[in-house]
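In the order they appear, the protein sequences are chains V and Y. Add 73 to the 1-based position in the first sequence for this note's numbering, that's all there is to it. Add 73 to the 1-based position in the second sequence for this note's numbering, that's all there is to it. What follows is one structure encoded as structure tokens, with my remarks underneath.
Number of protein chains: 2
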Amino acid sequence: MSSAPTIAAQAETLAVNLIAVLVAVTDDQPRILTIGGSALPSGPFELAHRSLQSGLRDWVEQQTHHPIGYVEQLYTFADRDRGGDGDGLRMVSISYLGLTRERPASRTPAPTGDPEWRDWYAFFPWEDRRQVDEVRATALAVALQAWVGHAPDARTGKVRAQRCAIAFGLDGHGWNEDLVLQRYELLFEAALIPEAHTLDTESEARMGLRMTGDHRRILATGMARLRAKIKYRPVVFELLPETFTLLQLQRSVEALAGRLVHKQNFRRLIEQQDLVEEIGALATDTGGRPAKLVRFRRDILDERAMVGTKLPRP
Amino acid sequence: MSSAPTIAAQAETLAVNLIAVLVAVTDDQPRILTIGGSALPSGPFELAHRSLQSGLRDWVEQQTHHPIGYVEQLYTFADRDRGGDGDGLRMVSISYLGLTRERPASRTPAPTGDPEWRDWYAFFPWEDRRQVDEVRATALAVALQAWVGHAPDARTGKVRAQRCAIAFGLDGHGWNEDLVLQRYELLFEAALIPEAHTLDTESEARMGLRMTGDHRRILATGMARLRAKIKYRPVVFELLPETFTLLQLQRSVEALAGRLVHKQNFRRLIEQQDLVEEIGALATDTGGRPAKLVRFRRDILDERAMVGTKLPRP
DNA sequence: ACGACTTATACTCCAAACGAGCATTTCATA
DNA sequence: TATGAAATGCTCGTTTGGAGTATAAGTCGT
Numbered sequence: 074m075s076s077a078p079t080i081a082a083q084a085e086t087l088a089v090n091l092i093a094v095l096v097a098v099t100d101d102q103p104r105i106l107t108i109g110g111s112a113l114p115s116g117p118f119e120l121a122h123r124s125l126q127s128g129l130r131d132w133v134e135q136q137t138h139h140p141i142g143y144v145e146q147l148y149t150f151a152d153r154d155r156g157g158d159g160d161g162l163r164m165v166s167i168s169y170l171g172l173t174r175e176r177p178a179s180r181t182p183a184p185t186g187d188p189e190w191r192d193w194y195a196f197f198p199w200e201d202r203r204q205v206d207e208v209r210a211t212a213l214a215v216a217l218q219a220w221v222g223h224a225p226d227a228r229t230g231k232v233r234a235q236r237c238a239i240a241f242g243l244d245g246h247g248w249n250e251d252l253v254l255q256r257y258e259l260l261f262e263a264a265l266i267p268e269a270h271t272l273d274t275e276s277e278a279r280m281g282l283r284m285t286g287d288h289r290r291i292l293a294t295g296m297a298r299l300r301a302k303i304k305y306r307p308v309v310f311e312l313l314p315e316t317f318t319l320l321q322l323q324r325s326v327e328a329l330a331g332r333l334v335h336k337q338n339f340r341r342l343i344e345q346q347d348l349v350e351e352i353g354a355l356a357t358d359t360g361g362r363p364a365k366l367v368r369f370r371r372d373i374l375d376e377r378a379m380v381g382t383k384l385p386r387p
Numbered sequence: 074m075s076s077a078p079t080i081a082a083q084a085e086t087l088a089v090n091l092i093a094v095l096v097a098v099t100d101d102q103p104r105i106l107t108i109g110g111s112a113l114p115s116g117p118f119e120l121a122h123r124s125l126q127s128g129l130r131d132w133v134e135q136q137t138h139h140p141i142g143y144v145e146q147l148y149t150f151a152d153r154d155r156g157g158d159g160d161g162l163r164m165v166s167i168s169y170l171g172l173t174r175e176r177p178a179s180r181t182p183a184p185t186g187d188p189e190w191r192d193w194y195a196f197f198p199w200e201d202r203r204q205v206d207e208v209r210a211t212a213l214a215v216a217l218q219a220w221v222g223h224a225p226d227a228r229t230g231k232v233r234a235q236r237c238a239i240a241f242g243l244d245g246h247g248w249n250e251d252l253v254l255q256r257y258e259l260l261f262e263a264a265l266i267p268e269a270h271t272l273d274t275e276s277e278a279r280m281g282l283r284m285t286g287d288h289r290r291i292l293a294t295g296m297a298r299l300r301a302k303i304k305y306r307p308v309v310f311e312l313l314p315e316t317f318t319l320l321q322l323q324r325s326v327e328a329l330a331g332r333l334v335h336k337q338n339f340r341r342l343i344e345q346q347d348l349v350e351e352i353g354a355l356a357t358d359t360g361g362r363p364a365k366l367v368r369f370r371r372d373i374l375d376e377r378a379m380v381g382t383k384l385p386r387p
């Protein structure tokens, strides 16, 4: 299959690294781990690693000093124009999605490279629709409309309008929170996201913070995957503490999905699937009537792992 | 990020290649392209390639002499125990799923390496449930039961029984055609699929033909992805000729899913989504009442690409 | 102690989606 | 002309999912 000369040819020019979208939810806000504020943590894939996944686990745990509950491969990138080192070197990046919790207080020896948890909506302001921001919504719509208007020909314009409508839920097309990547790519194509240019503060507030290289695209991939996944797999629980209330669970889901859900229906869904069990205690700090504390039934992972679980969509 | 010494270290030991699960449907039978009868086509990732996907497209089209309609990345494998070259060399394989049609008669210069289309159920006999084979079903159930019985302890046994029931639709758990990979891994774990050992003809008939290295696992990954995908994306049409009848469409879906669907409901679903348009002609060779010939409405790809389409499940 | 406020929790309603079946139509062929 | 095979049209009952109403049980300020 692969002959020696081929390998030799690859040798000088191909590098393989692992890159992680590490997610936590803190104070009803999804957060991702960054290095230097604007890069996703990454590291080379080494021979010492048993597998890609264990390789990623190894050095992420080494950097964050606590274990990741859930890891899943996202996508492998190797486009020629991926920034990075300009000359002949080609970087193959295998990205992973990891779910965890922010480390408690014990900020042990600060890991190398200035790791920092950041609100993921800082990079994707338009993805948070939990409270309607009429101002930003219209501003975005106007910018998109301009792009549609500047189409070279009518046909292109029509396609563009259609894409905008679907991706951003305009003209009666409902908002679909799963289309994170499509929206990012559309904005990128519309040059509304000039990752390479400098932006004033106001633009950053509207179009989100930039990231190193194509890391923002990778983050978008991770967000999209996670938003889709929580609807049919019980992975949210990896982001919650051992015990929690149903409202806490709901708020976490809403934070990830970037939209609000109907409380009663949400509870109905959770209950009829036996996803959680009561712990017997009550949470009294809820502000209103105390809520039962519950715990995720890890034992159902065996059954549900394959079969799937449903969380409400909008 | 990646320093020079790291790259040098990788240089002698890492090889990146692309591997394809190429699917076609011929005579209501899903088929995959093999090289030498038991290997998936693969080739090295080269610097000349713009991207992974275009790299794959390039050499697959070069090998098969006709274009692939649809390509999607599957998974990247790099486990240490992936067979391949035993010594220090680590092979990173990026797998892709490609949909196409078997080339018509014009078998131009036979490509290198003896490419051959093979029925995919030859490798996964238990995945075809279109006609119930009571004999094989019970034989498999018995073998699984034995594995459950040989569990080291009761707890393991219970977990095993549960996994079998869900994966293979026993004890009232309905058959879920998407669990191709889980079933394969379960059978592998139960040592019912000794990829490395020799098998007699009878065993091969029951447990399917072996493939090179971990190619059968990769094929399982592709099958699972495709079975899941046809339910919410209009990708089946990549496997059909330009015009076809609704029954042909249904038979293709059934072939891929490995199970039969309710004809009237299937048509209702297709129609209410405007997936196809009538061509005006009739197919008279259907044996019964002639069927309207239809054509896939490619123009809806723009809309549906993001939003999704539904094909009936069982 | 009381009323206002907040959250938890229990039910009800309705419409769309879905699975299954019956009935009728329209061909080719024996 | 009868028969078989498939196409096509329609009905029915169940499930699922979205949305709303009502009530319970705490906290907190006065």
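Beta carbons: idealized from backbone N, C-alpha and C, even for Gly. In this text, all values refer to a predicted model and were calculated from it rather than measured experimentally.
In the structure shown, Ser168/Y falls within a strand segment according to DSSP collapsed to helix, strand and coil.
Every beta strand (DSSP E) of 3 residues or more that sits fully in the region 320-363 of chain V is shown, in chain order, as 349-356.
In terms of beta-carbon proximity, Leu299/V stays away from the interface with chain Y, with every pair separated by 8 Å or more. When only Cα atoms are considered, Arg370/Y and Ala234/V end up about 19 Å apart. One alpha carbon belongs to Leu170/Y, the other to His139/V, and they sit about 36 Å apart. Assignment of Glu200/Y by DSSP, reduced to helix, strand and coil, places it in the helix class. Counting only Cβ-Cβ distances below 8 Å, Ser124/V has contacts in chain Y at Ala151, Asp152 and Arg153, in chain order. Here Lys304/Y is not bridged, per DSSP, to any residue. Val232/V belongs to the set of residues whose beta carbon lies under 8 Å from a beta carbon in chain Y. A Cβ-Cβ contact shorter than 8 Å links Tyr148/Y with Thr294/Y.
Taking C-beta atoms as the reference points, Leu265/V and Phe241/V fail to come closer than 8 Å.
Below the 7 Å Cβ cutoff, chain V contributes Gln146 as neighbours of Tyr148/Y, in chain order. Counting other Cβ atoms within 10 Å of its Cβ, Trp193/Y reaches 16 or more and is therefore classed as buried.
Straight through space, the alpha carbons of Glu351/Y and Asp358/Y are spaced by roughly 17 Å. In the DSSP assignment, Val232/V falls within the unbroken alpha helix (DSSP H) covering Ala227 to Phe241.
Between Arg163/V and chain Y, the shortest Cβ-Cβ separation is below 8 Å. In the structure shown, the three-state DSSP call for Gly116/Y is strand.
Scanning its chain for C-beta atoms nearer than 8 Å, with the 5 sequence neighbours on each side dropped, one finds around Ile141/Y the residues Leu95, Arg130, Val133, Glu134, Gly171, Leu172 and Thr173, in chain order. A direct Cα-to-Cα measurement between Gln204/Y and Arg324/Y gives close to 13 Å.
Non-local C-beta neighbours of Gly128/Y in its own chain, meaning closer than 7 Å and more than five positions away in sequence, comprise Leu91, Phe118, Glu119 and His122, ordered along the chain. Nearest CB-CB separation between Val308/Y and chain V: not below the 8 Å threshold.
Using beta-carbon distances, Ile105/V does not count as an interface residue toward chain Y, since no partner is under 8 Å. With 16 or more other Cβ atoms inside 10 Å of its own Cβ, Trp199/V counts as buried.
Contact between Val165/V and Val89/Y is confirmed by a C-beta separation of about 6 Å, below the 8 Å threshold. A Cβ of chain Y is located within less than 8 Å of the beta carbon of Ile239/V.
Think of a sphere of 8 Å around the beta carbon of Phe118/Y: the chain V residues whose beta carbon falls inside it are Gln83, Leu87, Ala151 and Val165, in chain order.
With contacts defined by Cβ atoms closer than 8 Å, Pro188/Y and Ile108/Y form a contacting pair.
The C-beta of Glu376/V comes closer than 8 Å to at least one C-beta of chain Y. Sixteen is the threshold: since fewer than 16 other Cβ atoms of the shown chains lie within 10 Å of the Cβ of Glu275/V, the residue is exposed. Assignment of Glu315/Y by DSSP, reduced to helix, strand and coil, places it in the coil class. In the DSSP assignment, Thr107/Y falls within the unbroken beta strand (DSSP E) covering Gln102 to Ile108. In this structure, Leu243/Y and Ala214/Y form a Cβ contact; the two beta carbons are roughly 7 Å apart against a cut-off of 8 Å.
Here the alpha carbon of Asp347/V sits roughly 11 Å from the alpha carbon of Arg368/V. Residues of the region 329-348 of chain Y whose Cβ lies closer than 9 Å to any Cβ of chain V: none. Of the residues assessed, Val208/Y falls on the exposed side of the cut-off, its CB having fewer than 16 other CB atoms within 10 angstroms. Leaving aside the five residues that flank Glu327/V on each side, the residues in its chain whose CB is nearer than 8 Å to its CB run, in chain order, Asp101, Arg203, Leu333 and Val334.
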